[in-house]
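**Student:** Be aware that the sequence shown starts at 1, since it is given in UniProt numbering, and climbs by one per residue.
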Amino acid sequence: MNIPFKILSINIILVFLLSGCQPEMPVTSLITVDVESFSVPVNKNLYGLTIEEINHAVDGGIYAEMIQNRSFEDGVPPLNCPYDASRNVLTTPNGWSIPFMRSDSVPGWKRISTGTYIYPDTKELINDKNRRSLLVSASVTPESGRGGVIATGYNGLSIRKGEKYDLSLYMKGATMTPKTINVALSDSTAETALSEVFKISTVFGWRKYQHTFTATENTDNAVLTITSDSSAVFWLDVVSLFPQKTWNDRPNGLRPDLMEKVASLNPQFIRFPGGSFVEGYTAGTYPIWRETVGAVSERKHFWNIWAYGSTNGMGYHEYLQMCEDLKAEPLYVINSGVTSQSRRPRYEDITAMNKLVQDALDAIAYANAPVDSAFGAMRAKQGHPEPFNLKYVEIGSENYGQEYSKRFELFKKAINETYPEITVIKSSLIAGQNRTEWTDYHFYSGEDFLIANHNRYETGQYLRRFPAVFIGEFSMGDASLQGTLRAAIGEACFLVGIENSPEVVKRLAYAPVLGNVDYEFQRYPALSFNSHQVVGSPSFYMMQMFANNRGDELLKTEVDTYSRPQVTFGRASIELFDNSYDFENVRIDDKPVTEGTVKSGGWQVDNGKLIPVPNRWNYLLMGDSTAHDYTLSMRVRRTKGSGQIQLRVRDNGKAGEANDHIALSIAPGSCELYRQAGAVRDTLSAPRIHSFESNRWYDIKIVCKDENISCYVDDTQIYKVELPPLPSLVSVATMDKEANVILLKVVNTTQHEEKTELNIKGVSIKNDAEVIQLTGEPLGRNTFTEPEKIVPVQKSISFSLGGPMVYSFPPNSITIMKLHID
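#1: Could you tell me if HIS454 is buried or exposed, where buried requires 16 or more neighbouring beta carbons within 10 angstroms of its beta carbon?
#2: From what residue to what residue does the beta strand (DSSP E) around GLN773 run?
#3: If we ignore side chains and look at the alpha-carbon of each, how far apart do GLY294 and ARG379 end up?
#4: ASP59 and SER310 - do their beta-carbons sit closer together than 8 Å?
#5: Based on Cα-Cα distance, which residue from LEU390, TYR119, SER240 lies nearest to SER137?
#6: Can you list, in chain order, the residues of its chain with a C-beta nearer than 8 Å to that of THR192? Leave out the 5 residues immediately preceding and following it.
#7: Would the beta-carbon of GLN244 fall within 8 Å of that of ASP166?
#8: Buried or exposed, going by whether 16 or more other CB atoms sit within 10 Å of the CB of ASN416?
#9: Is it buried or exposed for THR756, if we count other Cβ within 10 angstroms and need 16 for buried?
#10: DSSP three-state label for GLY803, please.
#11: Which term fits VAL806, buried or exposed, when burial requires 16 or more other beta carbons within 10 angstroms of its beta carbon?
#12: Below 8 Å, how does it come out for the segment 23-37 and the segment 112-128: are there three or more Cβ pairs, yes or no?
#13: Use the C-beta contact count for HIS301: other C-beta atoms within 10 angstroms, 16 or more gives buried, fewer gives exposed.
#14: Tell me which residue opens and which closes the beta strand (DSSP E) that LEU508 is part of.
#15: Check for me: the alpha helix (DSSP H) holding ASP237 runs from which residue to which?
#16: Compute the distance between the beta-carbons of SER670 and VAL721, then report whether it is under 8 Å.
#17: Whose CA, out of VAL636, MET622, ASP552, THR597, lies closest to the CA of SER580?
#18: Buried or exposed: which applies to PHE277, given that a residue is buried once 16 or more other Cβ atoms fall within 10 Å of its Cβ?
#19: If we ignore side chains and look at the alpha-carbon of each, how far apart do ILE821 and ARG346 end up?
#20: For ASN55, does the count of other Cβ atoms within 10 angstroms reach 16, so buried, or fall short, so exposed?
#21: Which stretch, first to last residue, makes up the alpha helix (DSSP H) that contains PRO330?
#22: Do ALA184 and VAL197 have their C-beta atoms within less than 8 Å of each other?
#23: With a Cβ-Cβ cutoff of 8 Å, do TYR154 and LYS208 count as a contact?
#24: May I ask you to verify whether the segment 310-329 touches the segment 102-111, counting CB pairs closer than 8 Å and requiring at least 3?
#25: Please classify THR716 as buried or exposed, where buried requires at least 16 neighbouring CB atoms within 10 angstroms.
#26: In three-state terms, what does DSSP make of PRO99?
#27: Rounded to the nearest angstrom, what separates LYS381 and ASP359 at their Cα positions?
#28: Sorted by chain position, which residues of the same chain lie with C-beta nearer than 8 Å to ASN127's C-beta, five sequence neighbours on each side aside?
#29: With GLN566 and LEU723 assumed to form a contact (beta carbons below 8 Å), what rounded beta-carbon distance in angstroms separates them?
#30: Have a look at the DSSP bridge pairing and note the partners of VAL136.
#31: PHE411 bridges to which residues according to DSSP?
#32: Could you tell me whether any non-hydrogen atom of the ligand HEM is closer than 7 Å to the CB of GLY61?
#33: Can you tell me where the alpha helix (DSSP H) with SER188 in it begins and where it stops?
#34: In the structure shown, what three-state DSSP assignment does LYS406 receive?
#35: Out of GLY536, MET634, SER573, ALA174, state which residue places its alpha-carbon closest to the alpha-carbon of GLN646.
#36: Can you name, in chain order, every residue of its own chain whose Cβ lies under 6 Å from the Cβ of ILE760, other than the five neighbours on each side?
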């Protein structure tokens, strides 16, 4: 169809005229930074990392050892932990189960031919610290050609042509007649050598052998072959292969590519070696510093709490050395005499705590004592005569309660008396303690919680009579969002509030930092890696942006932006911690509950009356997973005991493991309304003293209306709370005095562009600014195939002349704007 040129021209003119008449999008937010107002110093030491043996972050991660299970200790069960072969689990003395393996398993190793027999031997040992060696019996025939074993490492050895790799191993022959054993780097089939062949002539007795290989090819799937061309029987132990190129060229060192990424986060402190790893689950399954120093052949190996073997090759000394190389303060976490309390804990006899307390004092002495002391000389023997100057220790990790408090006091008293300069950190709030002491809080929580709590510790939100806050572990807790841009958005909002609260929050450590993708993640890390690649998550780049743009003075910043209500939804439920309650007339919106879904334990439901099966832990889901406004009501009677009950509403469709709900907890003498968001239990209003007598019926009602939650007991309102809203923008500003720059951090939590006026009071700002920005698809992740899908972008911008400073922050974005003072 032909359109006349004149008509086409008129249409084009009309388009331009109409588009010119369209009104400009209005400003929707205002950020005001008052440079002349009162300012406080920035907490320069705020950001750090928790480096824990989790996700194979250390063995198979930053520890550069390439051989998995080098001492063949995997498969040795901890003391008093029997193995159940039908389920492949260990059971602790207190009845908690942890995945394990058959005693004849040799992970990381396999035989090279069917004529070879391998078995962990508990009798032929190189020392009394090593509990197993590997017996190799190779029956060589013309058909097989050779026999022996292959070490596959952590899913393949990554080697590079021309680079050198240091081998050491212990070997013992079975006879007085020497046998020739060939050791080489080979391809994944073990057929083609990728290095020269190191030949060993066996002797009848243990001997240590060492050799340096030079790789002849590049591959990420090499293996170490230990073979014989004739029939032979021999034993192996502590088979180690290290690249000569380690981070900072340290012996027994660290993997360079991973450590360079860690260093780029500019951590001011490192909390180590955990975490739950420090807690353990029974005797002998947590690190004791003296068992992790010295010769690697004598270090304590144990099956750790994350269900794999720990060599402790990266021990106390190596951690201190790593902190020194990073120019980061070491923060050492010590087992408190209480194992993990979420795993049926073991409590060290309070009368036998002297040994653990003395171990803590000795650990500090090893780090700090002069070289002419016993522990200083011990440190010097490991190559570090100068003290490490340890200043911070934490007692326990996620331990709590009266038994923990008693043990904490023993540590604190002894450490303060001997080393008054040491800051002793507790892992939970202890009533009546000095408010200047640091208390460790862990925040693994969901997106809405992190955004809504952006002002959690600001003046007026956090009572100054509470202890100083140390956040020892922090990251997104919602598994569906971990590793995405939305995770980084939520985390950034929380961090903006932390930066605005330098007097309250003393330190914050991101965790977990590292995770090997060839093994199942326990928690999603900032850095994912395999044997030869590493990729940073959006959260990694967010932390990099925040840690490297700190400023000197915190400026008063006000944000005027739309806040949307935080309206939760989801089912109602009841959870019992013992079977000491009766229920009647259970109703939702005044309709009797006649059925429910059991998540754990057992119930009988009969026309609104719930009857628990005796001696079972019970958790009953009721109602609609999409419900929003509703009333849960019931009659409750405690029949015996002192156990608590939780009446839950609005689980956000994430019942059970996801742990996202609002609950009224009723215990003898008190009740509490709180939000469970991931691993964070957040009190929504102060607990109330309330007498709940046994054998008396109480009418309980929880009313959900929009963002409001109200609770009633016998028609008396005891709680009414409003969930905090979700702001569109959050922001913090600091002054970099040397550069004469205002560093403005802005997080846009919305799915749309947020046009914002920037009002900088007290100084004149140049027209040009620099921007560092992280944005992209909300659920986007970086992968090995797309490692830079979501990474920071730097650019220069110019504001319009003659008018207000206006900038449109992209949806789902984290922005650092450098405003130069004129």
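Cβ atoms here follow ideal geometry from the backbone N, Cα and C, with glycine treated the same way.
Here the structure is a predicted model, which is why all the values come from computation and not from measurement.
**Tutor:** So, to answer that:
#1: buried
#2: It spans 765-775 - the beta strand (DSSP E) in which GLN773 sits, taken as one unbroken run.
#3: 9 Å
#4: yes
#5: For SER137, the nearest C-alpha among the options comes from TYR119.
#6: SER186
#7: yes
#8: A residue is called buried once 16 or more other Cβ atoms fall within 10 Å of its Cβ, and ASN416, having fewer, is exposed.
#9: That one is buried.
#10: coil
#11: exposed
#12: no
#13: buried
#14: 505-510
#15: Per DSSP, ASP237 belongs to no alpha helix (DSSP H); it is in the beta strand (DSSP E), 232-243.
#16: no
#17: VAL636
#18: buried
#19: 59 Å
#20: ASN55 is buried by the Cβ-count criterion.
#21: From DSSP, PRO330 is part of no alpha helix (DSSP H) but of the beta strand (DSSP E) over 329-334.
#22: yes
#23: no
#24: No, the segment 310-329 does not touch the segment 102-111.
#25: exposed
#26: strand
#27: Rounded to whole angstroms, LYS381 and ASP359 show a C-alpha spacing of 19 Å.
#28: SER297, GLU298
#29: 5 Å
#30: ILE118, PHE234
#31: In the DSSP output, where bridge partners are listed per residue, PHE411 has none listed.
#32: This structure lacks the ligand HEM; in fact it carries no ligand of any kind.
#33: That residue, SER188, is in no alpha helix (DSSP H); it is neither H nor E in DSSP.
#34: Helix, per DSSP.
#35: SER573
#36: VAL33
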